[in-house]
Every structure is written in C-alpha cells, then in structure tokens.
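K.L.:
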Amino acid sequence: MENFWQQLWNARIAVAAMTLFAVGFVTLLLHRNLLKKIIGLNIMETAAYLLLTSLGFIEGRLSPIVLGENTDPLLYVNPLPAGLVLTGIVVSVSVTAVMLALTVRLYARYHSLNLDDIYAMAQREHGVN
Amino acid sequence: MAFSVNFPLFSIVLCLLCAVVSSLLPSKAARAVSIALCAALAAGAACLASYGVSVGKATEYLMGHYPHPWGNELRFGVLEPLLVSVFAVVMLLCLIGGKRYLAADLDPEKSNLYYVMCDLVLVSLTALSYTNDLFTGYVFIEICTIASCGILMIRQLGRTTLASVRYMIFSLIGSGLFLLGLILLYAVTGHLLMPNVKESVAALWAEGRYRTVLLMSMALITVGLGVKSGLFPFHFWMPDTYGYATPSSGGILSGLVSKGYILLLIRIVYGAFGTDIFYRSGISNVLFVFGACGVIVGSISAAREKDVSRMVAYSSAAQIGYIYLGIGLSPGMGVLASLFHILTHALTKPLLFLSAAELASCAGSRQRAVWRGAGHINRVAGFAFSVGAFSMIGIPLTMGFVSKYRFALAAFERPLLMIPTLIVLAVSTVLNGLYFIRVVVAIYLPPERRTDRVRITDHPAYAVCAIAFTAMNLAAGIAALPIVRLLESSLTLL
Amino acid sequence: MKRKKSIKERLREWDADAFDLTERTAGPMHPAPAAPEEEKPEEPPAPERETRLGSRALRILYSVLAALFGTVMLSFLLATASELPPYGAAENPVHNAVSERYIRDGMRETGAVNIVAGVILDYRAFDTLGESHVLFTALTAVLILLLGEGVHRESTGQIRMQQDRIVTNTASVLTPIIILFGVYGILTGHLGPGGGFSGGSIVGAGLILHSVAFGYDRLGRYLNIKTFRIVCFAALAFYSLSKCYSFFCGANGLHTVFSPGVPGRILSAGLILPLNIAVGVVVACTMYGLFSVFQRGKI
Amino acid sequence: MEYFELLLLGLLLVCGISTCLTKNLLSSLVIFMAYGVIMSILWALLRAPDLAVTEAAVGAGISGILMFLTLRKLRDLKRKHADETEEKH
C-alpha cells in the first residue's frame, strides 16, 4: 500500500495528464456537440503538453535562463521539452481556429451543432437530390 | 558530397516560399506557380533518387550546424525521393486534369488560396518523407491536416463542409494519439531523432525496461497514423471526404495525403522502432487484422454504393486496408508489396476520380444507373476509367496485378497468415471485379439516346492527364520488375 | 432615457442564448439528459425530431458506452503512466547528453541567454519554421471559410460594446501598455521569457482590445488586407530564406555571417532576434486577422 | 509548494472534467479559460516561464476569445434564422 502511494506520488502529473487526455479524447470522439468537441480537443492537447513539460522538470533546479556566466548543467532544468511545447501550443491554437471557422460555416448551413442531426439532415437532402 | 543532396532543403523552402507568394498573386499566376513547383520538385527528387542509387547509402543532411542528437536532420536514401517525385507528378497531373472542375467549384476571389493550400500539402508531404525527427514529423502532420482540409472545404457545399468537419475530427484524433505516443517515446528514450531513438529502444527492449511504455507508444503512433490514413474502423469519413471534394482534391487526398502518413509510419517502423521489435510486439498482427477487415468491409461497402465517386472512395478504404495488411505481414516482402501498392494506388485513384467526374458530366449524374453508354460519348474518359478499374481489380498488364501478386508472394513467407491473406485477396478481387466491371460494362453499352461525342480537343487538359496516368500505369504494370528491384534495394536503405 | 443593463443581466442574456444552442445536444457523459427541453415549442422546422437516435434509452446507452470506452482507455494510459520515469528526478532518461549540451554550450553557441529560445530558433529551428507556417496555413484556411461571411450584417453586440464608456476608457489606458509589453517580449526573447510567439500574441491581443473598444476604422487605415498580406509575406519569406541560408551553411560546413555576439546584449544571438521579430509580426497579424475575420468576415 | 502544486492539479482535473460535462456552452467556455490559466500557473511552477507566458496569452486568451466570438456568431446566425422562419410562416 505504501508502495502504491509512493508510486502515485511519483507519477502525480503523469496521472493527471493521462486522465485529462482520456477525458479530452472521449469528448472529441464521442460528444455530439461540435463546440464541445473542440474544447475536448484543446484539453487533450494541453494534457499531452503538460506531460511533456513535466518530463523536463528536475526537482530543485532553475528555469533555463542563464544566470550571469554560470552554465553548469546541474543548475537548470531541461530546456528541450519547453521548446517542443512552445511549438505545440501554437499548432493547437491554429487547429482550434480552423475548427471554429468550420463550426460557423456548418451552423450557418444546417442551424445545428449536433453532428448526428446534421448528418441526418445532409443524408436526407442528398436522398432528395 | 554532390550538390543534389541540398535538393530536399531547397524543395521544402521553395514550397514554403511559393505558398506564401501565391497568397498575394491572382489565381492564374498562383496556378502557374503551383504547377511549376510540382514539376521542379519532381525533377529535383528524381535527381536525388538517382544520386541515392549511385551512392548506394542513405544520406543524413544536417538542418543547421549541430550534428545529431542535438540538431535537426533530414535523411534520404532512394525510397523517399522516389516517392516525393511520384507525389509531385501525381499532384501536377491532378491540378492539370481537374482544371475544368476547379474553375467551376472555386469561388473566383479565393481560388488562389486553393493553390496556396496545394503548395502546403506538397511541402508537408515532402517534409514528412524526408524528416528524420519525430517532432518535426508532428508539426508537418498538422500542416498536412489543415492544408488537406483546406483543399477539401474550398468547395463550399453543405456536404463538403460536413465532410471536412468529420475529416478534421478524425485527423485530429489521429494526431493527438501520435503526439502522445511521441511524448511517451521521448520520455523513455530521451531522443527525438530516429537513429538515436532506435538505439535506445533496442537497448531498453533488451534490458526489458519500460516495456509497457514502449508498447503503448508504438501502438499510439501506429494507431494515430492509421486513423489519419483511414484504416478500417476509422474509414467511414472517406466516402464523404473523397466523394464530395472537387475531383482534383479527391485525387490528391486519396492518392497522396494518406500515403504520406503511411510512408511516415513505414519510416518510423524501420528507423525508430526497428523492425525486430515492431514485428515481435504483436502490433503488426493487429495491423494485419484491421487491414484485412478494411479490405473486406471497404469492398462490400463499395459494391453497395450507387454513386460512382463514393464507390471509388470506398474502394480507397479497401486499398488502404491492403497496404496495412502488407505492413502487418512481414518486414521484407510484405512492406515491399505495400510500397508497390502505394505507387499503384497513387497513380490509379486520381485517374479514377477525374475520369468518374468526366463521365458523370457526360451522363448528367454520378449515379451508376444513368451511365449507360457514357464511354462512347467520351472515349478518353471511358478508356481511362476502364484502365483504372482494371488496375484496381488486378488484371494483368496493370500495376494492380503486380501489387496483388506481390501480396500473394509475401503471404507465402508467413505460413500462419498465408491462408487468411489469400482468402482476403480472393474475396476482395471478386468484389472489386463485381463493382468495377458493372460500371465498365455499363459505360460501354450502346447509349440510349444519341448525344454528341466529346472530342479529345474539347478538354485537352483532362486528356493529357488521363493519357499520362494510363501510360504510367500500363508501363509500370508491364515493366514492373525494375521498379520492384528498385524498391527492394531502397528498403535496405531505410 | 433607457436604463442601461447591468452586467449581471447581460450575462444572463448571454446565458439564455448559449443555453438555446445546447438544447438539442446531449453530452455522452450525462447519464440523465434533461428531458423537458425537448418539448420546447421553438424547435426549428428542420426534420430532426425523428432522427435523433430515437429515444432517451439509446442516448443513455450511448453515454454509458462512451464512459466505458473512456474508462478502458484511461486504464491503459494509467498503466503506462505508472511505469514512466519518476517525476522530477535528475537521472531520468530525458536528461541526457542532449540537454546537457544545450545548457552548457547553448549560450556560447547561439548567443541566447534564454536557452529555450536558443533551442527552438537555432538547434531545432526546422520545427519552428514549420510552426510559423502552421499559423499561416490556419489563417489561410480561415480566410477560405469565412472571408465575405456576414459582411452584410454587423453584429448587434459589436455596436453595443463600442458605446460602452468603461471599455473605451479602460482600453485607452491598457492598449499601449499591452502592446508595449508584447513588443518588449518580442525584442528580449533571447534574454528572458518571451519571444516571438508569446510577444506576438500579446501584441495581437492589444490590437484586438483596441478594435473592440474603438471599432475597426482607426486600425483599418493601417491594417487592411493588403498590408496584412504583404507584412505576413515579408516576415515569412525572410524567415524561410534566412533559415535556408543557415541550414545550407550548416549542412555544407560553411561559416555563416551571423555571429552569436556578446550574450546578454540586446543586439546579440545572431539570427534569433530578427527571427523573433519576424515570428512576432506574423503571430500578431495572424491573431488580429483571425479575430477580425471571425468578427466581421474581413480584415 | 508541493501542496500548491497538488491543489493546482486537482483544480485542473476538476476544470477539465467539468468543462466537458457542462451543458451550457458559455459556462463551459469560461471553465475552459480557467483551465488555461491554471495550466499556465502550473507551467510556471514547472520552471517553464516561456510556456507560462505563451499559454496565458494564447491558450487562455486568444483561443478563448475566438471561442466566444464563435458563440456570438452562432447566436447571431440563430436569431437571423429564427427571424427568417418567422417571416415564412
């Protein structure tokens, strides 16, 4: 039991990130509302980035901005994950913007945000053609 | 080092520049820029491929001043430039052949943006083929996702918008899974460049450490790329996406974009996981099963479809299934068959989409029922469609025959999987024959009413594209052996 | 004179509108979706009613299945998480020779005091090149979708916001500070936290605030679609070309003309400062452009 | 400090899950923006100040603004649609 709690404590950020990833993933895949899907997407991606950032963290070290001339590798945390996440955040905001624009178009056409309803409407229209 | 090793860098930068410039240009100029770009890329990649053959080893190209594992790298042997060259040629022909529909489907004010998106699709395919770094792969996967959604949704019908939303959602699910897999892999190996990752993975696997994480990351990366390219349980966005896009986009999306992801997967399997570990982990068997299901389900759905464009799109699901089946079979022969099938599909599907659109415009509808005699009215399109259909069925002299033959050969290597593979091949060939032959017979029945014949000179752009595709298909089908040998030798360089 | 609405009332109004949007959607994870909403009379005439996967039972089944799927996936992910290297330990596989060199030699080799900036704009610059084009791609996609949409109808909310004195007064004080802060972030990206992306988006946010408070007319004189495209083009083209030069030199073992300079100075770190400025310009333009296109269908 | 981090993680989970469960889109968006802010504080704690600044500006700021705008655009479209259908009847 002791061991389990110790393990959980060691993996606390990974556990939180994985939970959020699963929540976001399920929302993105299975929620019917398009805006909710977009929120789920964002949660999924930020959760992954949280995991990535936590990989770079080292207990008791400083953020990777050089103090004076001191470039001792034992003084700073790992800068690479932060760099990757920085790239990733911008990617995810771009994707969000595109999805939101698609949402607006789709709503203007079908007057609904529920993908099942929209699909049914589209099927019917197509059948009429 | 020959000067041609710089071509990948130049082609990527050139594509980016062209994309940015095209956003300022009027539509006609943007089109010319895109076409010239495709031609330049194809030529450069062909040079590079011949360089790769002559050197006989893969080249690692630094992106910056720092060697691996610190910097960023491109890596290319023979396979990558060869495929880039094919991609560029196919895109060129798609843009030329679909000109008529592009003019009709695009909003004239925004049509230059279509070519911007095409350039961006091309740059992402190029970068996905050449990159040696997993995270760079992720960034370009996202560019590819947005840009391919862009060329899809530019035709602003309700159905296309709906199709792009579904396409986007599944693409994003795929890239999310890929991202998580990549992070897990980074967490236990500490590297992002494929050669370093491979080293660490081999060491960790030998020691037996982090087994779950490694397995999970392999599974996530494979499934992520599988979802993005339309592997079986996630294939149902395909008919809408490919069927309702403007024909050029349908060709580009089905023929090229999904292949870019598959190529990346093959390179990751060879370059980052190592074939030993990947094929021992059991994920390959899952790929085999899903691939086989995809072949059957795709073929059955296609046979039930009455709209020809959608039928061709469902057949894409089946072809993607074939490719994954081959990857799942075995690292040598199986992947070789898949690679050949990638070429087959990339050269055949755009032809089918464009010809179907052409025949549909003769017949007045995309429903199969009214296509009677369309092949007499538009002979080029009829001939081209028939060749494409024969190639998908796998009739000798076409590329499709060669790839099916290679799949069968690969199956003999795996005694356990041989029977299922052969059954799948047989069943799908029968089904393919059923639905494609039905259409081919219909278009060559005597027409019900006399209509003016469409001459070649009426749509010269389409004729050029159809003849080029048909010629390449037949040439590669007849003289398949050199291509297979080339692919075989290129596999050893991965 | 008409009484102005309090913020609470406005929020409630918003709320009502937003609620209307959700009425026909049920979350997969709601075990019991509220039934009464279905009987609302103002259901649009579109034929949804019979297509909504039928009944409540099906919806509950869907939710349960979704929850089940989520649980299965979560258990897999948690099993993986339990095996990951411990959080915060210095001997994790991630902290290897790669990060060691970034920290030890990063300042000397790139000239950037902020090592993260050195990593993303020099060691791994290819990623960042791709990333700034992701933004461009997204903006182009949004332009394809929304350009020309809703021009005929200025939204009512816009006008109401413009008349609000509180917003105008606050914005006139805050906008310069926000933009200045963003520019500071861009210019000192190699010296401390900040850099092109965050600084650029802060500048973009400042521009957005300005246009919300004072309308588009003032800003539109400088930032119409033409200047917008040219600025984006110039920044991205500069980015690609300079990086192409530096990659080319790197791969062929040539020396570049850009030197790291004296770390800590504002004019140092070779290409990083100009690249940060280019990225900042692109990001600021993109953010403002996205806002403007979403708001009124043009830039 | 560790307890603060734990508190933030808890809040993050609560926000993340509740934003997916809330039915009202507006409240869900507000919770989502709170999620972004918490995430940015967490990143500051993880010694990644660049990320904290960027997430605060982009994740919580710009994404949130775009989502609000979308919501308002949808409201406008809905009203317009309602007007049009009324005219028809």
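Protein chains in written order, with the working numbering: chain D, 338 to 466; chain L, 4 to 497; chain Z, 7 to 305; chain B, -19 to 69. Positions of the beta carbon are idealized from the N, C-alpha and C atoms, including for glycine.
1. Could one say the Cβ of D:T383 lies closer than 8 Å to chain Z's Cβ atoms, at least one of them?
2. Do you know offhand how far Z:A63's Cα is from Z:A72's?
3. Check for me: the beta strand (DSSP E) holding L:Y64 runs from which residue to which?
4. Chain D partners of L:F293, CB-CB under 9 Å?
5. Here's the rule: buried if 16 or more other CB atoms are within 10 angstroms of the residue's CB, otherwise exposed. What is Z:N258?
6. Given 8 Å as the limit, is there contact between the segment 411 to 429 of chain D and the segment 117 to 134 of chain L, that is, 3 or more CB pairs closer than that?
7. Let me check understanding here. Comparing Cα to Cα, which of Z:Y68, Z:I121, Z:A144 lies closest to D:A434?
8. Establish whether the CB of Z:D128 and some CB of chain B are separated by less than 8 Å.
9. Quickly, what does DSSP pair D:I402 with across the bridge? List them, please.
10. Let me know if L:P399 comes out buried or exposed under the rule of 16 or more other beta-carbons within 10 Å of its beta-carbon.
11. Starting from Z:F239, trace the beta strand (DSSP E) both ways and give me its first and last residue.
12. Do you know offhand how far L:A1's Cα is from D:E382's?
13. Which residues bound the beta strand (DSSP E) around Z:F300?
14. Rounded to the nearest angstrom, what separates D:N520 and B:D56 at their Cα positions?
15. Please name the residue in L:T424, L:A411, L:R369, L:N435 whose C-alpha comes closest to that of L:G391.
16. State yes or no: is the C-beta of Z:G200 nearer than 7 Å to some heavy atom of the ligand ADP?
17. CA-CA distance, B:G(-4) and B:G(-10)?
18. Does any residue of chain Z have a CB that is nearer than 8 Å to the CB of B:G41?
19. Let me know if B:F12 comes out buried or exposed under the rule of 16 or more other beta-carbons within 10 Å of its beta-carbon.
20. How would you label Z:P51, buried or exposed, when you count the other beta carbons within 10 angstroms and need 16 or more for buried?
21. Could you tell me which chain D residues have their CB closer than 7 Å to the CB of L:F138, listed as they occur along the chain?
22. Measuring only between beta-carbons, confirm whether D:T390 sits less than 8 Å from chain Z.
23. Residues of chain Z with CB under 8 Å from B:A37, in chain order?
24. In chain order, what residues of the same chain have a beta carbon less than 6 Å from the beta carbon of L:Y247, not counting five sequence neighbours either side?
25. Can you find the residues in the same chain that come closer than 6 Å, C-beta to C-beta, to Z:A219, ignoring five residues on each side of it along the sequence?
26. Does the Cβ of B:E67 have 16 or more other Cβ atoms within 10 Å, making it buried, or fewer, making it exposed?
27. Three or more beta-carbon pairs under 8 Å between the segment 354 to 366 of chain L and the segment 242 to 256 of chain L, yes or no?
28. Name the two residues that bound the continuous alpha helix (DSSP H) containing L:N75.
29. Give me the Cβ distance between Z:M293 and B:I42, rounded to the nearest whole Å; I'm assuming they're in contact under 8 Å.
30. Under 8 Å Cβ to Cβ from L:M66, same chain only, skipping five residues before and after it: list those, please.
31. Can you give the Cα-Cα distance for D:V465 and L:C152, rounded to whole angstroms?
32. Whose Cβ in chain D lies nearer than 9 Å to the Cβ of Z:Y93?
33. Give the secondary structure of L:G285 by DSSP, where H, G and I count as helix, E and B as strand, and everything else as coil.
34. Name the one or two DSSP bridge partners that Z:G94 has.
35. Taking C-beta to C-beta, are L:A52 and L:V81 nearer than 8 Å?
36. Can the beta-carbon of D:T408 be found less than 8 Å from the beta-carbon of Z:L80?
P.N.:
So, from the listed chains and residues:
1. Not one beta carbon of chain Z lies nearer than 8 Å to the beta carbon of D:T383.
2. Approximately 14 Å, taken between the alpha carbons.
3. Following the DSSP letters along the chain, one finds L:Y64 inside the beta strand (DSSP E) bounded by residues 62 to 66.
4. None at all; the shortest Cβ gap to chain D is about 17 Å.
5. Exposed: under 16 other Cβ atoms inside 10 Å.
6. Because the criterion of three Cβ pairs below 8 Å is not met, the segment 411 to 429 of chain D and the segment 117 to 134 of chain L do not touch.
7. With distances taken between CA atoms, D:A434 lies nearest to Z:A144 out of Z:Y68, Z:I121, Z:A144.
8. It does not; no Cβ of chain B falls within 8 Å.
9. Beta-bridge pairing by DSSP links D:I402 to Z:N120.
10. With fewer than 16 other Cβ atoms within 10 Å, it is exposed.
11. Looking at the DSSP string, Z:F239 is not in any beta strand (DSSP E); the run it does join, the alpha helix (DSSP H), is 231 to 257.
12. The structure shown does not extend to residue 1 of chain L, since chain L is modelled only from 4 through 497, so no value can be given for it.
13. Membership of Z:F300 in any beta strand (DSSP E) is not indicated; the residue belongs instead to the alpha helix (DSSP H) covering 278 to 302.
14. This structure cannot settle anything about residue 520 of chain D, because the visible part of chain D is limited to 338 through 466.
15. Comparing Cα-Cα distances from L:G391 to each of L:T424, L:A411, L:R369, L:N435, the minimum goes to L:N435.
16. Among the components of this structure there are no ligands whatsoever, and the ligand ADP is therefore not found.
17. Roughly 10 Å between the two C-alpha positions.
18. With 8 Å as the cut-off, B:G41 counts as an interface residue toward chain Z.
19. Looking at its Cβ environment, which holds 16 or more other Cβ atoms inside 10 Å, B:F12 is buried.
20. For Z:P51, the predicted structure reports a pLDDT of 39, less than 50, and the residue's modelled location is therefore unreliable. A value from the coordinates is still provided. Taking all protein chains in view, the Cβ of Z:P51 is surrounded by fewer than 16 other Cβ atoms within 10 Å, so the residue is classified as exposed.
21. Per Cβ cutoff of 7 Å: L421.
22. So, not an interface residue.
23. In chain order: S204, S207, I208, A211.
24. Closer than 6 Å at the Cβ level, and outside the excluded window around L:Y247, lie R162, T163, A166.
25. Cβ within range, chain order: V173, T174, A177.
26. Label assigned to B:E67: exposed.
27. Yes: the two stretches touch, three or more of their Cβ pairs being nearer than 8 Å.
28. DSSP places L:N75 in no alpha helix (DSSP H) but in the uninterrupted beta strand (DSSP E) bounded by 75 to 79.
29. At roughly 5 Å, the Cβ-Cβ gap stays under 8 Å, so Z:M293 and B:I42 are in contact.
30. Same-chain partners within the cutoff: L12, G74, N75, E76, L77.
31. Residue placement at D:V465 is flagged as unreliable, the pLDDT there being 45, under the threshold of 50; a coordinate-derived value is accordingly withheld.
32. Under a criterion of Cβ atoms nearer than 9 Å, the residues of chain D adjacent to Z:Y93 are, in order, W346, N347, A348, R349, I350, A351, S391, L392, F394, E396.
33. The answer is coil: DSSP assigns L:G285 none of H, G, I, E or B.
34. D:I395, per the DSSP bridge assignment.
35. It is a contact, given that the beta carbons lie within the stated cut-off.
36. Not a contact, by the Cβ cut-off of 8 Å.
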